[in-house]
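Asker:
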Amino acid sequence: QAHFGTGGLGGGGGVGANSTRGRTSTAGSSSGSSGGGGGQMWKPATPGVLIASMEEHEGPVHALCVSQDQRFIVSCGADGTARIWETRGLDRHVVPRSAAVYARQGGPITCGAMLDNSHSVATGSTNGTVHVWRVDFQSSGGGDH
Numbered sequence: 107q108a109h110f111g112t113g114g115l116g117g118g119g120g121v122g123a124n125s126t127r128g129r130t131s132t133a134g135s136s137s138g139s140s141g142g143g144g145g146q147m148w149k150p151a152t153p154g155v156l157i158a159s160m161e162e163h164e165g166p167v168h169a170l171c172v173s174q175d176q177r178f179i180v181s182c183g184a185d186g187t188a189r190i191w192e193t194r195g196l197d198r199h200v201v202p203r204s205a206a207v208y209a210r211q212g213g214p215i216t217c218g219a220m221l222d223n224s225h226s227v228a229t230g231s232t233n234g235t236v237h238v239w240r241v242d243f244q245s246s247g248g249g250d251h
């Protein structure tokens, strides 16, 4: 279960976009008639085989960030939300639902970056704000993992 932390940035280095190290790649998409947005994940080992379609944004997706440990993806949308998607289960064709939604930016989120060596995300908006927030994971027992 993902949730937002109020603690520090963790053992962070500088801000940097992380790659998926060849395991999966991402591509943004938007649904035509509804104006909704989502992201899709593809497996390079099997070109053209869609393994997940994430479609909860209400508008275009402007940016995607992948955590350094590849546990989650953050999608940044014109709807003013950043959605956290856990990557566990994507290879099993599980219908993905966002694990959490960050909606405190106050405007469309147009960019995002993961902070190295942490689960902290920096997001930028058309309203001139940059927010830095943390994604924490807890097991059902309540401890971080």
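The working numbering numbers the first residue of the sequence shown as 107 and each following residue consecutively.
No residue lacks a Cβ here, since even glycine has one placed at the ideal position from N, Cα and C.
Keep in mind that this is a model prediction, so the values were computed, not measured.
Let me know the secondary structure DSSP gives residue 175 once reduced to three states.
Answerer: coil
Asker: Whose C-beta lies closer than 6 Å to the C-beta of residue 169 among residues of the same chain, with five residues either side of it excluded?
Answerer: 182, 217, 218
Asker: Please identify the residue among 188, 177, 189, 197 whose C-alpha is closest to the C-alpha of residue 156.
Answerer: The candidate whose alpha carbon is nearest that of residue 156 is 197.
Asker: What are the partner residues of residue 229, as DSSP defines its beta bridges?
Answerer: 218, 237
Asker: Apart from the five residues just before and just after residue 186, which ones in its own chain have a Cβ nearer than 8 Å to its Cβ?
Answerer: Closer than 8 Å at the Cβ level, and outside the excluded window around residue 186, lie 209, 211, 212, 213, 214, 215, 231.
Asker: Would you check if the distance between the CB atom of residue 91 and the CB atom of residue 189 is smaller than 8 Å?
Answerer: The shown model of the chain, from 107 to 251, leaves out residue 91, and the question about it has no answer.
Asker: Taking DSSP as the reference, what is the three-state secondary structure of residue 203?
Answerer: coil
Asker: Roughly how many angstroms lie between the CA atoms of residue 178 and residue 206, to the nearest whole one?
Answerer: 11 Å
Asker: Among 184, 220, 224, 176, which residue has its Cα nearest to the Cα of residue 162?
Answerer: 184
Asker: From this set, 233, 192, 176, 167, which residue's C-alpha is nearest residue 221's C-alpha?
Answerer: 176
Asker: Give the DSSP bridge partners of residue 184, in chain order.
Answerer: According to DSSP, which records beta bridges pairwise, residue 184 is partnered with nothing at all.
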